[in-house]
Amino acid sequence: MVTRILITLLLLAISPISQAITSLSASLDRNPAMVGETFTLTLTANGEVEQGDLDSSALLKQFIVGQTSFSDSTRIVNNKISRQTSWAIRLVARTAGTYTIPSFVIGNVASDPITIEITKHNSNAAQPQQIKLEADIASEQAYVGQQLLYTVKLYIGVNLQRAQLQSPQLEGADIAQLSEDKESSEIVDGVRYRVITRQYSIRPTLPGSLELQGAIFQGDISLTQRHSFFSTGRSKPVTLLTDNVMLEVSPIPDDFPGQWLVSDFVVLEDAVDTTKTYKVGEPITRTLTLSVANATPEQLPELLHQYGNQVQAYPDQAQTKQTIQGSTLIAQMQQKVALIPTQSGVIKLPEIKIPWLNSQTREIEWATIPAKQLQIVADENKSVAPSVTPEVTAPSSPMPAQSVAMKPQVIIKPSASLIYWQIGCAILLIGLIVTGYIIYRLKQTQTLPAAPVQANNHIQSNQLLSLLLQAIKQQQASEVARLFPLWLKRDYNLNTVQLADIAPELLAQYQSLAQSCYSSHSANINFSGLTQLIKQFVSDQHKKNKNELGGLYH
1 MVTRILITLL LLAISPISQA ITSLSASLDR NPAMVGETFT LTLTANGEVE
51 QGDLDSSALL KQFIVGQTSF SDSTRIVNNK ISRQTSWAIR LVARTAGTYT
101 IPSFVIGNVA SDPITIEITK HNSNAAQPQQ IKLEADIASE QAYVGQQLLY
151 TVKLYIGVNL QRAQLQSPQL EGADIAQLSE DKESSEIVDG VRYRVITRQY
201 SIRPTLPGSL ELQGAIFQGD ISLTQRHSFF STGRSKPVTL LTDNVMLEVS
251 PIPDDFPGQW LVSDFVVLED AVDTTKTYKV GEPITRTLTL SVANATPEQL
301 PELLHQYGNQ VQAYPDQAQT KQTIQGSTLI AQMQQKVALI PTQSGVIKLP
351 EIKIPWLNSQ TREIEWATIP AKQLQIVADE NKSVAPSVTP EVTAPSSPMP
401 AQSVAMKPQV IIKPSASLIY WQIGCAILLI GLIVTGYIIY RLKQTQTLPA
451 APVQANNHIQ SNQLLSLLLQ AIKQQQASEV ARLFPLWLKR DYNLNTVQLA
501 DIAPELLAQY QSLAQSCYSS HSANINFSGL TQLIKQFVSD QHKKNKNELG
551 GLYH
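Just so you know, our numbering puts 8 at position 8 of the sequence shown, and the rest follows in order with no gaps.
Quick look at the structure:
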């Protein structure tokens, strides 16, 4: 017996194994199958092949492809060695109909195609389901860039050995999972289920009619009895599908002013106290809060605005967050600005307006904070006290000259050394005062920011224009779309809709670029042309301002 085993092993080591594939067959474990039901396609090759020699990508066009298992075996019959390789592929069909499983080719051998019938699921079954999958989307109509909430619930009433939940799919949209899964317990039709809830953000980037493919669950249900002593670990594969959804996505309107923002509602709030009287040099904290429904924090416009020459503005880093209220996604931005008045009087805070498109009425609206006034008074503690001259009071009655005997005055002349000592003390005192003042100014410079952020600051304007041109040079479309309206507002106090009369070509270039930011397809953006139009606009505005100033002297 031992000799026979040794001979067999020797034959395996020295005998040539045929590399050629003699046959390739395909078979199904069931035909027909129901929608959402898992069936197995088995491909068997006679000959030596590798696992990666089979290309099953053609199945993805018609089916949901699940787990694929691979096995091979070697047999020796009459001193002849044969090898057999098998692939078992789990498949699921989304809709009813007749499907053809294509022919597969390995080497020079091909399998025969197979036709399979997929029937509708039997909805008359009264028996409660062991596991269910449900999905809901907030709306089936949206604009490009509008965020939709997609909620998936998995109801589990049995033991699972393996579980995998796949996200919905949509070509022409950005899809991301929101936060972590939530677990709860519910009783449905007298059956207690363990419920797993997962939420996704879906943001279309292309207009048109788009088909959203629903979420998919794949897993194995344990068939072992809970209290069985002789457990075999058997399981049954299960696949669940949610229905596909047709979405109607509208494009960005051509006449939209400013940075694109679409929502069901937008709230802009201001927390500055206008009833209080402030002092010159006293910091005033202004808190602006922008809340937008069905948007991402990255889509929110900046809340930096000009404040004029009467105040210095020091903004903090804007804080953003995203929350879920019911079936609505809320993106929020909070901007705190420290305002320091430089003179007394009335400071006017200009009106703040942010355009947005109401997705319900399909009309452009404006989130507005009206213009406000702050009362500023001088700080008495920091004012210089006036010099007081002692008042000389005349005597009530003249004194007779002879009543007081005049004594001779003794005049003492200071010595030269005393004079030098006094001069040295005076110089030392002046030096101490100057040194103290310099130290005070240095501490003030280190405490305050290097340069206040003001709309009329010429250096900041040049820096903003440089950043804009640098973003264009690097072809960063989203950064250009963000900086362009901010630069236009700071340098020229204009919004993009006003460019229609001043520079229509520049406005058309900007709108084309802004729309490309929400498209997954690369658009032909003329970055060099945009640079030329911006430089031409700057030159025209400079000439215009120069002519207006020159006219004052005629």
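The C-beta atom is built at its ideal place from N, Cα and C for all residues, glycine as well.
Source: prediction; values computed, not measured.
Item, Value
"Buried or exposed (CB count within 10 angstroms, at least 16 for buried), Phe484", "buried"
"Distance, Ala138 Cα to Asn358 Cα", "16 Å"
"For Arg362, the three-state DSSP class (helix, strand or coil)", "coil"
"Assigned secondary structure, Ser111 (DSSP; H/G/I helix, E/B strand, else coil)", "coil"
"Per-residue DSSP class, three states only, for Ile340", "strand"
"Local Cβ density within 10 Å of Thr277, reported as buried at 16 or more and exposed below that", "exposed"
"Proximity of Glu373 and Val346 at Cβ, strictly below 8 Å", "Residue 373 is actually Gln in this sequence, not Glu. Taking 8 Å as the Cβ cut-off, Gln373 and Val346 qualify as a contacting pair."
"Inter-residue Cα distance where the pair is Gln475 and Pro315", "28 Å"
"7 Å Cβ shell around Ser69 - same chain, five flanking residues per side excluded", "Ala88"
"Val249 and Tyr99 closer than 8 Å at C-beta", "no"
"Unbroken beta strand (DSSP E) run spanning Arg30, endpoints", "Careful: Arg30 lies outside any beta strand (DSSP E) and carries neither H nor E."
"Segment contact, 8 Å Cβ cut-off, at least three pairs: the region 333-348 with the region 191-209", "no"
"Contact check, Ala266 vs Ile376, beta carbons under 8 Å", "According to the sequence as given, residue 266 is Val; it is not Ala. No, these two residues do not count as a Cβ contact at 8 Å."
"Close beta carbons around Leu170, own chain, < 8 Å, minus the five adjacent residues each side", "Ile202, Pro204, Leu210, Glu211, Leu212, Gln213 and Leu247"
"Contacts around Lys120, its chain only, beta-carbon distance under 8 Å, and the 5 residues preceding and following it disregarded", "Met34, Val35 and Ala96"
"Thr40 beta carbon less than 8 Å from that of Asp29", "yes"
"Separation of Glu48 from Asn81, as counted between CA atoms", "The identity of residue 81 in the sequence shown is Ile, whereas the question assumes Asn. Looking at the two C-alpha atoms, the distance is approximately 11 Å."
"Other residues of its chain near Gln199: CB distance less than 8 Å, five sequence neighbours each side excluded", "Leu149, Tyr150, Thr151, Val152, Gln177, Leu178, Ser179 and Ile324"
"Inter-residue CB distance, Gln332 and Ser291 (contact presumed, cutoff 8 Å)", "5 Å"
"Ordered list of beta strand (DSSP E) runs contained in the region 24-75, each at least 3 residues", "39-46"
"Proximity of Ala367 and Lys348 at Cβ, strictly below 8 Å", "no"
"Under 8 Å between C-beta atoms of Ala135 and Thr38", "no"
"Beta-carbon proximity check, Leu24 vs Ser111, cutoff 8 Å", "yes"
"Leu506 versus Tyr155: straight-line alpha-carbon distance, rounded", "55 Å"
"Outcome for Thr496 when other beta-carbon atoms lying within 10 angstroms are tallied against a minimum of 16", "buried"
"Three-way DSSP call (helix, strand, coil) for Asp136 in this model", "strand"
"Supposed close pair Ser86, Ser103 - CB separation, criterion 8 Å", "Incorrect: roughly 17 Å between the Cβ atoms, too far for contact."
"Per-residue burial, Pro301 [other beta carbons within 10 Å of its own, 16 or more giving buried]", "buried"
"Enclosing beta strand (DSSP E) for Pro237 [first to last residue]", "Ser235 to Leu241"
"Separation of Leu499 from Gln536, as counted between CA atoms", "13 Å"
"Nearest to Asn159 (by Cα), restricted to the options Thr296, Pro237 and Pro253", "Pro237"
"Given Arg362 as reference, the closest of Thr197, Asp264, Gly190 and Leu464 once Cα atoms are compared", "Asp264"
"Asp174, enclosing beta strand (DSSP E) - first and last residue", "Ala173 to Val188"
"8 Å Cβ shell around Leu494 - same chain, five flanking residues per side excluded", "Leu488 and Ile502"
"Which listed residue (Gln259, Gly308, Ala271 and Ser539) has its alpha carbon closest to that of Ala514", "Gln259"
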